[in-house]
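Participant:
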Amino acid sequence: MKTNDNTILITGGATGIGFLLTETFVNAGNEVIICGRRDNKLDDAKKKFPQIHTIRCDLSREEDRKSLYDHISSNFKNINILINNAGIQRMIDFKKGTIELFAGEDEIEINFKAYVHLSAYFIPLFLERKEAAIINISSGLGFVPLAITPVYSATKAAIHSFSKSLRHQLRNTPIKVFEVIPPTVNTDLDKGARDKRGQTNKGIPPSEVAKATINGLEKDEFEIAVGMAQNLIIGSRNNPEQIFQNINRLVV
Ligand SMILES: NC(=O)c1ccc[n+]([C@@H]2O[C@H](COP(=O)([O-])OP(=O)(O)OC[C@H]3O[C@@H](n4cnc5c(N)ncnc54)[C@H](OP(=O)(O)O)[C@@H]3O)[C@@H](O)[C@H]2O)c1
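Residue numbers (this note's numbering): 86 to 337.
1. Tell me, please, which residues DSSP counts as bridged to residue 96.
2. For the alpha helix (DSSP H) containing residue 201, name the first residue and the last one.
3. Quick one, which of 252, 253, 242 has its alpha-carbon nearest residue 231's?
4. Identify the residues that DSSP records as bridge partners of residue 139: which are they?
5. Quick one: grab the DSSP three-state call for residue 177.
6. Below 9 angstroms between beta carbons: does that hold for residue 137 and residue 111?
7. Report all residues from its chain with a CB closer than 6 angstroms to the CB of residue 97; omit the five preceding and five following residues, and keep chain order.
8. Are the beta-carbon atoms belonging to residue 118 and residue 161 less than 9 angstroms from one another?
9. Quick one: using the 10 Å Cβ neighbour count with 16 as the cut-off for buried, is residue 126 buried or exposed?
10. Straight-line CA distance for residue 216 to residue 251?
11. Could you tell me the alpha carbon to alpha carbon distance between residue 316 and residue 159, rounded to whole angstroms?
12. Is residue 170 helix, strand or coil by DSSP?
13. If residue 234 and residue 193 are in contact, beta carbons under 8 angstroms, what's the gap, nearest whole angstrom?
14. Taking the continuous alpha helix (DSSP H) assigned at residue 229, which residues delimit it?
15. Quick one: what's got a C-beta closer than 6 angstroms to residue 313's C-beta in the same chain, skipping five residues either side?
16. Looking at the secondary structure, which residues open and close the alpha helix (DSSP H) in which residue 270 lies?
17. So does the stretch 295–315 actually touch the stretch 195–208, counting three or more Cβ pairs closer than 8 angstroms?
18. What is the DSSP secondary structure of residue 113, reduced to helix, strand or coil?
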């Protein structure tokens with residue numbers, strides 16, 4: 086797929102992996118629109134790349150997903166790539182019943198429903214394009230769940246399944262469906278939880294994920310497994326119980 090002259094929406098494009106995707110796609114000659122909830126992060130990104138467009142939205146709210154689509158479809162007539170990247174990760178102890186589950190944001194809304202709904206909004210528009218793409222950012226934890234982040238891991242497994250079905254449904258259309266599968270990446274996703282539990286592996290820099298994404302797009306490599314995520318995928322197929330025990334033995 087062509088990696089320049091596209092018009093791209095990157096959800097959560099102001100920080101972490103999303104921001105490196107913003108940088109990479111701007112530098113490759115694409116028009117980039119980003120969205121997120123925090124104005125200061127959107128403003129910082131805009132200062133670095135004045136040519137980008139920023140939109141404040143909370144993707145956990147259906148009305149914001151719809152107004153994001155309405156705004157983009159009327160103001161960016163050439164939009165042809167959606168990157169579903171915005172996500173959150175929470176540690177939830179189910180021994181406490183609903184207490185932790187209901188005390189924070191809803192991972193199912195943000196990590197799963199928003200990906201599904203935005204895809205559904207944009208697909209009819211993308212069907213009119215010569216070439217278009219939906220790029221879903223999942224995770225190695227979608228293949229081997231980390232039990233302390235049970236809902237997060239399940240949403241990422243769901244994104245893998247959803248991406249496969251979407252790719253099959255859209256196989257004879259101009260829309261290509263990519264899944265990017267990062268390993269641990271050094272961002273603020275975990276809000277310091279890795280440090281608190283003494284995890285020394287900070288992960289790869291987000292620039293490596295962005296680089297792998299644009300390379301994979303160029304080669305029409307539809308499942309882009311980055312670094313150690315490849316080992317998780319192979320392990321999940323060859324020896325699922327062993328690899329599950331290995332990654333969960335290290336954390337309590
Ligand atoms: N870091 C890792 O180890 C890792 C590994 C595998 C996969 N991933 C995936 O990579 C993606 C990006 O994560 P990251 O590591 O780059 O973390 P990050 O820096 O925390 O980025 C997450 C982005 O999503 C946005 N976001 C979160 N909730 C939102 C909402 N309700 N509405 C709109 N935007 C929202 C955040 O902006 P606001 O808070 O301002 O809204 C932020 O810009 C996620 O899907 C994550 O699951 C990360």
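Just so it is clear, CB atoms sit at the ideal spot from N, CA and C, and this is done for glycine as well.
Facilitator: Inspection of the coordinates gives the following:
1. As a position in the sequence shown, residue 96 is number 11, starting the count at 1. Looking at the DSSP assignment, residue 96 forms a beta bridge with 120.
2. Here residue 201 refers to the residue found at position 116 of the sequence shown. Segment 199–211, the alpha helix (DSSP H) holding residue 201.
3. Here residue 231 refers to the residue found at position 146 when the sequence shown is read from its first residue. It is 242 whose Cα lies nearest to the Cα of residue 231.
4. Here residue 139 corresponds to residue number 54 of the sequence shown, with the count starting at 1. For residue 139, which the question treats as bridged, DSSP gives the partners 119.
5. Working through the sequence shown from its first residue, we reach residue 177 at position 92. Three-state DSSP puts residue 177 in coil, outside helix and strand.
6. Indexing the sequence shown from 1 puts residue 137 at position 52. Indexing the sequence shown from 1 puts residue 111 at position 26. A contact, by the Cβ cut-off of 9 angstroms.
7. Numbered from 1 along the sequence shown, position 12 holds the residue referred to as residue 97. Counting only Cβ-Cβ distances below 6 angstroms, and skipping sequence neighbours, we find 103, 121, 170, 171.
8. Counting from one through the sequence shown, the residue named residue 118 turns up at place 33. Counting from one through the sequence shown, the residue named residue 161 turns up at place 76. Result yes, Cβ atoms of residue 118 and residue 161 sit closer than 9 angstroms.
9. Here residue 126 corresponds to residue number 41 of the sequence shown, with the count starting at 1. So residue 126 counts as buried.
10. Residue mapping note: residue 216 aligns to position 131 of the sequence shown, counting from 1. Residue mapping note: residue 251 aligns to position 166 of the sequence shown, counting from 1. Each residue's Cα considered, the two are about 16 angstroms apart.
11. Here residue 316 refers to the residue found at position 231 of the sequence shown. Here residue 159 refers to the residue found at position 74 of the sequence shown. Near 43 angstroms, if we compare the C-alpha coordinates of residue 159 and residue 316.
12. Walking along the sequence shown from the start, residue 170 turns up at place 85. Residue state, collapsed to three classes: coil.
13. Here the question's residue 234 lines up with position 149 in the sequence shown. Here the question's residue 193 lines up with position 108 in the sequence shown. That pair is no contact at about 13 angstroms.
14. Locating residue 229 in the sequence shown gives position 144, where the first residue counts as 1. Residue 229 -> no alpha helix (DSSP H), and no H or E assigned at all.
15. As a working mapping, residue 313 is identified with position 228 in the sequence shown. Hits under 6 angstroms: 268.
16. As a working mapping, residue 270 is identified with position 185 in the sequence shown. Looking at the DSSP string, residue 270 is not in any alpha helix (DSSP H), and its letter there is neither H nor E.
17. no
18. As a position in the sequence shown, residue 113 is number 28, starting the count at 1. Residue 113: coil per DSSP, three-state reduction.
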